[in-house]
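Enquirer: Sequential numbering of the sequence shown, starting at 67, is according to our numbering.
Below is a structure I'd like to ask you about.
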Amino acid sequence: MNQPQTIAIVGAGPTGLSAAILLRQRGYSPIVIERRPDITGYPAAHVANTRTMEVFAEMGVADRIWDAGDTNAMSSLVVWLESMAGREYGILPIQGAATDERGPLSAYNSVNIPQTRLEKILFDRFVELGGEVRFGQEVIDVRASETVELSLRNMADDACSGLRCDWLLGCDGAGSIVRRATGIEMDGPRTIARFMTIYFEADLDRFRQDRRGLLYWIGGPEARGVFISFDEIGRTWAMLVPIGDLPIEVFDDTAAIRIVQKAIGDLSAPVSLQAVSSWNMSAQVAQRYRHGRVLLAGDACHRFPPTGGLGMNTGIQDSHNLVWKLCAVIEGQAGDALIDSYERERRPIAQRNTDQSVHNLMKMGMIDAALGIEALAPVKADAGDGPVATWPAEVLGIDGDTPEARSRRAAVQSAIDEQAEHFAQGAGIDLGFTYAEGAFIPDGSPEPSSAPCEYRPDAHPGARLPFNSPDGSFAQSTLGAVQPAGITVFTADSRWAAIVDGVAVESGIDLHLVRFGEGARNLGPQARDLLGIGTSGAVAVRPDGHVLWRCAEWTHQSASELRDAARLITGETSRQASREAERSLAN
67 MNQPQTIAIV GAGPTGLSAA ILLRQRGYSP IVIERRPDIT GYPAAHVANT RTMEVFAEMG
127 VADRIWDAGD TNAMSSLVVW LESMAGREYG ILPIQGAATD ERGPLSAYNS VNIPQTRLEK
187 ILFDRFVELG GEVRFGQEVI DVRASETVEL SLRNMADDAC SGLRCDWLLG CDGAGSIVRR
247 ATGIEMDGPR TIARFMTIYF EADLDRFRQD RRGLLYWIGG PEARGVFISF DEIGRTWAML
307 VPIGDLPIEV FDDTAAIRIV QKAIGDLSAP VSLQAVSSWN MSAQVAQRYR HGRVLLAGDA
367 CHRFPPTGGL GMNTGIQDSH NLVWKLCAVI EGQAGDALID SYERERRPIA QRNTDQSVHN
427 LMKMGMIDAA LGIEALAPVK ADAGDGPVAT WPAEVLGIDG DTPEARSRRA AVQSAIDEQA
487 EHFAQGAGID LGFTYAEGAF IPDGSPEPSS APCEYRPDAH PGARLPFNSP DGSFAQSTLG
547 AVQPAGITVF TADSRWAAIV DGVAVESGID LHLVRFGEGA RNLGPQARDL LGIGTSGAVA
607 VRPDGHVLWR CAEWTHQSAS ELRDAARLIT GETSRQASRE AERSLAN
């Protein structure tokens with residue numbers, strides 16, 4: 067490390083804490099600033115997908131998160147109902163394990179875990195590593211030049227103070243003061259719809275019966291929205307309720323409880339209200355992710371509809387992409403242009419995830435159309451004390467055993483089946499994203515499919531390294547072999563050893579060699595073939611598990627090509643290198 071540099075992180079949510087842990091693992095002591103008095107609150111997100119679980123494995127928390135979450139929920143059901151006690155419109159099974167015909171796609175599957183529980187695990191891990199969060203500190207201004215200066219306010223006594231740092235990571239959520247202070251604008255609609263979230267505890271087990279689901283979409287005359295289950299036993303819940311232009315203040319505790327009870331379909335059901343909040347459903351991506359030494363990550367630079375569960379996962383993976391690059395620059399192993407590749411890689415992914423989330427939301431309208439109702443029409447502030455209302459039979463047309471009713475029910479179920487792309491935890495969205503431009507060298511191979519539910523493991527430059535493990539574990543896998551710094555080179559050919567050593571000396575970057583069939587991992591021919599490098603080729607992988615460069619077979623130019631890959635990190639801009647590689651492939 068050339069000289070000590072100070073890194074500050076604003077925001078101790080999943081994105082900020084992930085960045086903090088990754089930095090601590092690299093030997094840095096980030097200053098983490100959080101407005102809240104502690105790690106408390108109510109969950110906004112609740113699904114950690116497969117790729118995020120792999121990142122958590124690198125952070126040393128995947129098993130804790132798996133044990134603390136509801137793993138069965140990700141292989142259960144999504145249910146559409148008039149109310150929990152009322153008519154059932156239809157059911158969609160959720161796909162379980164991420165596999166293809168060649169075996170598991172990862173050591174992990176997605177897990178349902180409330181954000182609050184997840185944050186506590188991440189916070190505890192950060193503290194274990196010697197980290198500290200400065201709670202109760204609000205950022206009120208940011209000024210960036212050669213260094214970054216923050217103006218802070220103590221939430222307890224209003225005392226003001228300042229902080230100077232070399233780098234600032236703005237992980238402070240949708241209303242990011244860091245983003246606003248640096249003048250970075252957002253593209254896309256700020257408000258698609260407005261919602262209220264009601265957090266409550268209730269024993270809904272008898273209403274679930276054999277419908278053990280993750281989500282219960284309620285479309286009744288008075289109560290509409292979605293129940294989210296946060297635990298396997300069905301006691302901890304949130305209900306997302308469309309409220310339109312109504313201010314949150316018109317929904318007092320009594321009104322919130324009554325909405326929940328009407329959605330349950332039983333006004334006598336005991337409901338323990340925990341909290342109520344309101345939020346805008348947005349579809350926005352920041353125009354820029356960087357302002358000098360200020361970098362944005364997570365909801366500070368992208369805001370999606372929750373239809374797809376991509377928001378928190380995208381933010382955590384932002385941190386994973388950014389931290390190794392920042393460390394490489396600070397340590398003098400990379401040029402500043404490497405940090406610019408963060409935006410070029412991650413912003414298109416955020417835009418894709420935004421578009422997919424909006425697509426999922428709009429596609430839900432198929433169910434409304436089949437039922438002939440508007441399931442997400444805003445609720446009224448006064449749900450009333452009258453009996454639970456039900457739709458007249460002639461409105462829905464799904465009751466009875468007439469040909470018309472059977473046809474209508476089939477149409478509703480068909481519309482529900484069309485939502486599989488949304489709820490199936492598609493491996494294409496989760497694992498199959500490939501960077502189109504950034505810190506990697508194209509090899510001329512066809513770009514992998516970008517379809518949400520399609521994923522064919524491929525060590526295409528810019529893609530996630532395919533998973534292979536002799537025992538199914540992450541630790542013994544291809545991804546587990548990737549080192550947290552420098553470049554990891556996979557090969558079966560002994561000639562690469564001298565090349566790797568030589569490039570490491572010339573470039574000043576740490577290069578690590580993984581030989582198939584050697585060492586404790588004993589990665590064999592299946593892993594070699596999965597990477598597409600035969601018996602003599604090689605794949606160079608970045609610390610974030612994405613492919614930097616691939617050589618299908620050894621040639622006398624191999625040393626020069628690996629040297630060029632290292633130069634891409636050390637100084638040459640990613641954009642220039644990628645375009646030069648594309649030109650050479652075209653000639």
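C-beta atoms are modelled at their ideal positions from N, C-alpha and C, and glycine is treated no differently.
Runs of 4 residues minimum, wholly inside the stretch 448-485: which ones carry the alpha helix (DSSP H) assignment?
Expert: 459-462, 469-483
Enquirer: Does residue 193 come out as helix, strand or coil in the three-state DSSP assignment?
Expert: Numbered from 1 along the sequence shown, position 127 holds the residue referred to as residue 193. If DSSP states are grouped into helix, strand and coil, residue 193 belongs with the helices.
Enquirer: Helix, strand or coil for residue 351, going by three-state DSSP, please let me know.
Expert: The residue given as residue 351 occupies position 285 in the sequence shown. In this structure, residue 351 counts as strand in the three-state DSSP scheme.
Enquirer: Three-state secondary structure (DSSP) at residue 248?
Expert: Within the sequence shown, numbered from 1, the residue matching residue 248 stands at position 182. In the structure shown, residue 248 sits in coil (DSSP, three-state: anything other than H, G, I, E or B).
Enquirer: What are the uninterrupted segments assigned as beta strand (DSSP E) that are 3 or more residues long and contained completely in the stretch 171-237, given in chain order?
Expert: 199-201, 203-210, 214-220, 226-231, 233-236
Enquirer: Measuring alpha carbon to alpha carbon, tell me which of 118, 353, 505, 453 ends up nearest residue 379.
Expert: For this step, residue 379 is matched to residue 313 along the sequence shown. Considering only alpha carbons, the answer is 118.
Enquirer: How would you call residue 279, buried or exposed, if buried means at least 16 neighbouring beta carbons within 10 angstroms?
Expert: For the purposes of this step, residue 279 is taken as residue 213 along the sequence shown, with counting starting at 1. Label assigned to residue 279: buried.
Enquirer: Considering only residues of the same chain and omitting the five flanking positions on each side of residue 647, which have a CB-CB separation below 6 Å?
Expert: As a first step, residue 647 must be located in the sequence shown, where it is residue number 581. The predicted model places residue 647 with a pLDDT of 43, which falls under 50 and marks its position as unreliable; any figure quoted below should be read in that light. Same-chain partners within the cutoff: 507, 508.
Enquirer: Could you tell me which of 135, 160, 253 sits nearest to residue 299, measuring between CA atoms?
Expert: One-based indexing of the sequence shown puts residue 299 at position 233. For the residues 135, 160, 253, the minimum Cα distance to residue 299 belongs to 135.
Enquirer: DSSP three-state call for residue 104: helix, strand or coil?
Expert: Locating residue 104 in the sequence shown gives position 38, counting from the first residue. It is coil, neither helix nor strand.
Enquirer: When the Cβ atoms of the stretch 276-293 are set against those of the stretch 318-328, are three or more pairs found closer than 8 Å?
Expert: yes
Enquirer: Can you find the residues in the same chain that come closer than 6 Å, C-beta to C-beta, to residue 549, ignoring five residues on each side of it along the sequence?
Expert: Taking the sequence shown and counting its residues from 1, one reaches residue 549 at position 483. Here the set comprises 578.
Enquirer: Can you tell me the Cα-Cα spacing of residue 339 and residue 332, whole angstroms?
Expert: Within the sequence shown, residue 339 is the residue found at index 273, counting from 1. Within the sequence shown, residue 332 is the residue found at index 266, counting from 1. If you take the alpha carbons of residue 339 and residue 332, they lie about 16 Å apart.
Enquirer: Rounded to the nearest angstrom, what separates residue 368 and residue 632 at their Cα positions?
Expert: As a working note, residue 368 is residue 302 in the sequence shown. As a working note, residue 632 is residue 566 in the sequence shown. Near 31 Å, if we compare the C-alpha coordinates of residue 632 and residue 368.
Enquirer: If residue 266 sits next to residue 337, beta carbons under 8 Å apart, how far is it from one beta carbon to the other, in whole angstroms?
Expert: Taking the sequence shown and counting its residues from 1, one reaches residue 266 at position 200. Taking the sequence shown and counting its residues from 1, one reaches residue 337 at position 271. Yes, residue 266 and residue 337 are in contact; Cβ-Cβ is about 5 Å, under 8 Å.
Enquirer: Do you know how far the Cα of residue 580 is from the Cα of residue 716?
Expert: Here the chain comprises residues numbered 67 to 653, so residue 716 is not present and cannot be evaluated.
Enquirer: Taking only the alpha-carbon atoms, compute the straight-line gap between residue 214 and residue 415 and give it to the nearest angstrom.
Expert: Here residue 214 is taken as the residue at index 148 of the sequence shown, counted from 1. Here residue 415 is taken as the residue at index 349 of the sequence shown, counted from 1. Approximately 28 Å between the Cα atoms of the pair.
Enquirer: Could you pull the DSSP bridge partners for residue 656 from this structure?
Expert: No statement about residue 656 is possible, as the shown extent of the chain runs from 67 to 653 and does not include it.
Enquirer: Among 438, 256, 398, 375, which one has its Cα closest to the Cα of residue 351?
Expert: Taking the first residue of the sequence shown as 1, we reach residue 351 at position 285. Residue 256 holds the alpha-carbon nearest to the alpha-carbon of residue 351 among 438, 256, 398, 375.
Enquirer: Do you know offhand how far residue 357's Cα is from residue 247's?
Expert: Along the sequence shown, read from residue 1 onward, the residue named residue 357 stands at position 291. Along the sequence shown, read from residue 1 onward, the residue named residue 247 stands at position 181. If you take the alpha carbons of residue 357 and residue 247, they lie about 10 Å apart.
Enquirer: Go to residue 290, then tell me how far its beta strand (DSSP E) extends in each direction, as first and last residue.
Expert: As a first step, residue 290 must be located in the sequence shown, where it is residue number 224. 290-295 is the span of the beta strand (DSSP E), which, as asked, contains residue 290.
Enquirer: I need the DSSP call for residue 319, collapsed to helix, strand or coil.
Expert: The residue you call residue 319 lines up with position 253 of the sequence shown. Reduced to three states, the DSSP call for residue 319 is helix.
Enquirer: Counting pairs of beta carbons, one from the stretch 397-412 and one from the stretch 96-108, are three or more of them closer than 8 Å?
Expert: no
Enquirer: Buried or exposed for residue 592, going by 16 or more other Cβ atoms inside 10 Å?
Expert: To locate residue 592, count along the sequence shown from 1; it is residue 526. Classification of residue 592: exposed, given that the 10 Å Cβ count is below 16.
Enquirer: Less than 8 Å between the C-beta atoms of residue 112 and residue 179, yes or no?
Expert: As a first step, residue 112 is located in the sequence shown; it is residue number 46 there, counting from the start. As a first step, residue 179 is located in the sequence shown; it is residue number 113 there, counting from the start. A contact, by the Cβ cut-off of 8 Å.
Enquirer: Under the DSSP definition of a beta bridge, which residues are partnered with residue 160?
Expert: Counting from one through the sequence shown, the residue named residue 160 turns up at place 94. BP columns for residue 160 are empty, so no partner.
Enquirer: Got a sec, what are the start and stop residues for the alpha helix (DSSP H) residue 88 sits in?
Expert: Taking the sequence shown and counting its residues from 1, the one referred to as residue 88 is at position 22. Counting along the chain, the alpha helix (DSSP H) containing residue 88 begins and ends at 80-91.
Enquirer: Alpha carbons only, please: which of 486, 485, 461 is nearest the one belonging to residue 474?
Expert: By 1-based counting over the sequence shown, the position of residue 474 is 408. The candidate whose alpha carbon is nearest that of residue 474 is 461.
Enquirer: In this structure, what does DSSP give as the bridge partners for residue 346?
Expert: One-based indexing of the sequence shown puts residue 346 at position 280. Beta-bridge pairing links residue 346 to 260.
Enquirer: Quick one: what does DSSP say residue 339 is sitting in, helix, strand or coil?
Expert: Position 273 of the sequence shown, counted from the start, is the residue given in the question as residue 339. In this structure, residue 339 counts as strand in the three-state DSSP scheme.
Enquirer: Going by DSSP in three states, residue 522 sits in which element: helix, strand or coil?
Expert: As a working mapping, residue 522 is identified with position 456 in the sequence shown. In this structure, residue 522 counts as coil in the three-state DSSP scheme.
Enquirer: Got a sec, what are the start and stop residues for the beta strand (DSSP E) residue 282 sits in?
Expert: Here residue 282 is taken as the residue at index 216 of the sequence shown, counted from 1. Looking at the DSSP string, the run of the beta strand (DSSP E) that includes residue 282 is 279-285.
Enquirer: Kindly list the residues whose CB is nearer than 6 Å to the CB of residue 44, restricted to its own chain and excluding five residues on each side of it in sequence; keep chain order.
Expert: As shown, the chain starts at 67 and ends at 653. That puts residue 44 outside it, with no answer to give.
Enquirer: Let me know the secondary structure DSSP gives residue 675 once reduced to three states.
Expert: Beyond the ends of the chain as shown, which are 67 and 653, falls residue 675; an answer cannot be given.
Enquirer: Among 521, 454, 319, 503, which has the Cα closest to the Cα of residue 343?
Expert: By one-based count along the sequence shown, residue 343 stands at place 277. That would be 319, whose Cα lies nearest to the Cα of residue 343.
Enquirer: Tell me which residues share the same chain as residue 206 and place their Cβ nearer than 6 Å to its Cβ, disregarding the 5 neighbours each side in the sequence.
Expert: What you label residue 206 is simply residue 140 of the sequence shown in a count that begins at 1. So the qualifying residues of the chain are 217, 219.
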